[in-house]
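What follows is a single structure, written as structure tokens, with notes after it.
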Amino acid sequence: MDNIFEKEKKYFLPTYNRIPIDLSHGKGVYLFAKNGDKYLDFFSGLGVNALGYAHPAIVEAVTKQITLFGHLSNNYITDIQVEFAELLLKHSQMDKLFLTNSGTESIEGAIKLIRKKQGREKKIFALTNSFHGRTYGAMSLTARSKYRDGFQPLLPGIEFINFNDVEDLTNKISEDTAGIFVEFIQGEGGINLISQQFADQLKELKNKFDFALVSDCIQCGIGRTGMPFSHNYLNMEPDIITSAKAIGGGLPLGAILTSKEYSNIFDVGKHGTTFGGNSVSCAAGKVVLEEVFEKGLMKKVASNGKYLFNRLLEIQNRLPEKIKEVRGRGYMVGVELSIDSSHFVKEMRERKVLANVTNVNVVRLLPPLIVELEHIDYFVEKFEEVIKLNLK
Ligand SMILES: Cc1ncc(COP(=O)(O)O)c(C=O)c1O
């Protein structure tokens, strides 16, 4: 009988490099393998599992909701969707929302909103190194060729501005600009932070030309950075926020959040989704929003995040030839290595820590928001141990 990894190769399209751990379950910040191994998870399902695994309040909320109903079509509106929406709008300070299933679907809806309001002739911009998703519109906004090659022709009318390049921004934005998509902290691109200078210029140009500013907070939202959304650090007021990942507590859920100006662009029938806003996902998501925003978890992320950052800086000071830069906010941190990182993830796994490397050599930390100082200490200890190896 084949094991699951052999079966995976047999049954699934070969789109993923699966991590070779045969998992049984997760609890809190740990994942457990069938052989009893216990792993500290510093990647949280690609930034999704903000409250870790099997959080009791999520289990309770989901169980309660599924006994009432799971799926209803969007021909209905339900209490749980409204309760979720109220919390999300309150903490994002946006006017209205549309619920989706995923990040890429939120991006697609945002493109439609911009095209409809601003007209089809104007250009939409994104930044170099961006990642916005895998469907056609989102992929067209995704700069790196790794994600685009082989799929052209992409959506027309999309161009790129060099990341944090104020001059390029100023040269390209004009009255012919419909909108710009920005990850105020880039995730896949290697934890790159938009500078205050770039943000200030963006604000000024927006006041002049009235294009749509979209903050893609799919990875850097919902308290991960120690603020509700990453643009809050730069005092930006986007017209549209795209959200997903952590928002559903591990269930598929996303959102397009709009300012007043973008709240009445779609009328009935102009946009829709079968599963978006699923009631069970909203029940789980409501727990996340309560824990993160109302019960103090985000504040803890902000202070513990500083501790994590400083511990990593200490390692950089000890090993400057191995670490080029530490950057990030809260629990979204990147450590750019000057050494070959190809065996880093495996070495960490052998020490029972799950970590990730993105954009070639940036160790990307996206732990569950519930990690405590003791988990950070454990991670940092193993991290230094591995960095000291002559990774090949
Ligand atoms: C910033 C950003 N935008 C969009 C997406 C796409 O989200 P999804 O994978 O849910 O479609 C991602 C996923 O990693 C992301 O990090």
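Heads up: the sequence shown is residues 74 to 465, going by our numbering. Note that CB positions come from ideal geometry on N, CA and C, so glycine has one too. Bear in mind the structure is a predicted one, so any value in this text is a computation, not a measurement.
Suppose contacts are defined by Cβ-Cβ distances below 8 angstroms. Is A285 in contact with Y335 by that definition?
Walking along the sequence shown from the start, residue 285 turns up at place 212. Walking along the sequence shown from the start, residue 335 turns up at place 262. Contact: yes.
Quick one, are the C-beta atoms of I449 and N377 less than 8 angstroms apart?
By 1-based counting over the sequence shown, the position of residue 449 is 376. By 1-based counting over the sequence shown, the position of residue 377 is 304. N377 sits close to I449, with the two beta carbons spaced by under 8 angstroms.
Pick from N463, E454 and D168: whose alpha carbon is nearest that of L113?
Taking the first residue of the sequence shown as 1, we reach residue 113 at position 40. Answer by Cα proximity: E454.
Could you tell me whether the Cβ atoms of V287 and G252 are closer together than 8 angstroms?
If you number the sequence shown from 1, residue 287 lands on position 214. If you number the sequence shown from 1, residue 252 lands on position 179. It is a contact, given that the beta carbons lie within the stated cut-off.
Mind the definition here: the region 316-324 touches the region 417-434 only if three or more C-beta pairs lie below 8 angstroms; say whether that holds.
Not touching, per the Cβ criterion.
Give the straight-line distance between the Cα atoms of Y380 and Y404, rounded to the nearest whole angstrom.
Along the sequence shown, one-based indexing puts residue 380 at 307. Along the sequence shown, one-based indexing puts residue 404 at 331. Using only the alpha carbons, I get a separation of about 10 angstroms.
CB contact flag (V399, Q389, <8 angstroms):
Position 326 of the sequence shown holds residue 399. Position 316 of the sequence shown holds residue 389. Yes, the pair counts as a contact, with Cβ atoms nearer than the cut-off.
For D413, which three-state DSSP category applies?
For the purposes of this step, residue 413 is taken as the residue at position 340 of the sequence shown. In the three-state reduction of the DSSP assignment, D413 falls in the coil class, being assigned neither a helical nor a strand state.
Pick from H164, F339, R217 and N147: whose alpha carbon is nearest that of K190?
On the sequence shown, position 117 is the one that residue 190 refers to. Closest option to K190, Cα to Cα, is F339.
Looking at the secondary structure, which residues open and close the beta strand (DSSP E) in which L250 lies?
Within the sequence shown, numbered from 1, the residue matching residue 250 stands at position 177. Reading the sequence as shown, one finds Thr at residue 250 and not Leu. Its beta strand (DSSP E) spans residues T250 to V255.
Contact between the region 122-138 and the region 265-284: three or more CB pairs below 8 angstroms?
Touching, no, given that fewer than three Cβ pairs across the two stretches are closer than 8 angstroms.
Assuming the contact rule is C-beta atoms closer than 8 angstroms, L119 and L427 should be a hit. Round their C-beta distance to whole Å, please.
Translated into positions along the sequence shown, residue 119 becomes position 46. Translated into positions along the sequence shown, residue 427 becomes position 354. With 8 angstroms as the limit, L119 and L427 do not qualify as a contact, their Cβ atoms being about 11 angstroms apart.
Beta carbon of V255, beta carbon of D222: below 8 angstroms?
Taking the first residue of the sequence shown as 1, we reach residue 255 at position 182. Taking the first residue of the sequence shown as 1, we reach residue 222 at position 149. Taking 8 angstroms as the Cβ cut-off, V255 and D222 do not qualify as a contacting pair.
Going by Cα to Cα distance, which pick from V121, K111, D249 and T201 is closest to N235?
By 1-based counting over the sequence shown, the position of residue 235 is 162. Taking only the C-alpha atoms, the option nearest N235 is T201.
Please name the residue or residues paired with E398 in a DSSP beta bridge.
If you number the sequence shown from 1, residue 398 lands on position 325. Note: E398 sits in a beta bridge opposite E409.
Please indicate yes or no: does the CB of D273 lie closer than 7 angstroms to some heavy atom of ligand 1?
In the sequence shown, counting from the first residue as 1, residue 273 sits at position 200. D273 Cβ: outside cutoff for every heavy atom of ligand 1.
Are E181 and T208 closer than 8 angstroms when you measure CB to CB?
In the sequence shown, residue 181 corresponds to position 108, counting from 1. In the sequence shown, residue 208 corresponds to position 135, counting from 1. Here E181 is near T208, since their CB atoms are less than 8 angstroms apart.
Quick one: residues with CB closer than 5 angstroms to any heavy atom of ligand 1, in chain order, please.
The set, ordered by position in the chain, is S175, G176, T177, H205, G206, E256, G260, D289, I291, Q292 and A317.
Taking the alpha carbon of I333 as the point to measure from, which residue in V361, P440 and K169 has its own alpha carbon closest?
Locating residue 333 in the sequence shown gives position 260, counting from the first residue. It should be noted that the sequence gives Lys, not Ile, for residue 333. In terms of Cα proximity to K333, the closest of V361, P440 and K169 is K169.
For A183, I'd like the list of residues in its chain whose CB is within less than 6 angstroms of its CB, leaving aside the five on either flank, ordered along the chain.
For the purposes of this step, residue 183 is taken as the residue at position 110 of the sequence shown. Cβ-Cβ distances below 6 angstroms link A183 to V287, I313, T315 and I329 in the same chain, with the five nearest sequence neighbours on each side left out; the list follows chain order.
Who are A285's beta bridge partners in DSSP?
For this step, residue 285 is matched to residue 212 along the sequence shown. According to DSSP, which records beta bridges pairwise, A285 is partnered with G252.
The region 136-153 in contact with the region 345-353 per 3-pair CB rule at 8 angstroms
Yes: the two stretches touch, three or more of their Cβ pairs being nearer than 8 angstroms.
Give the DSSP-derived three-state secondary structure of K195 in the structure shown.
Within the sequence shown, residue 195 is the residue found at index 122, counting from 1. It is coil, neither helix nor strand.
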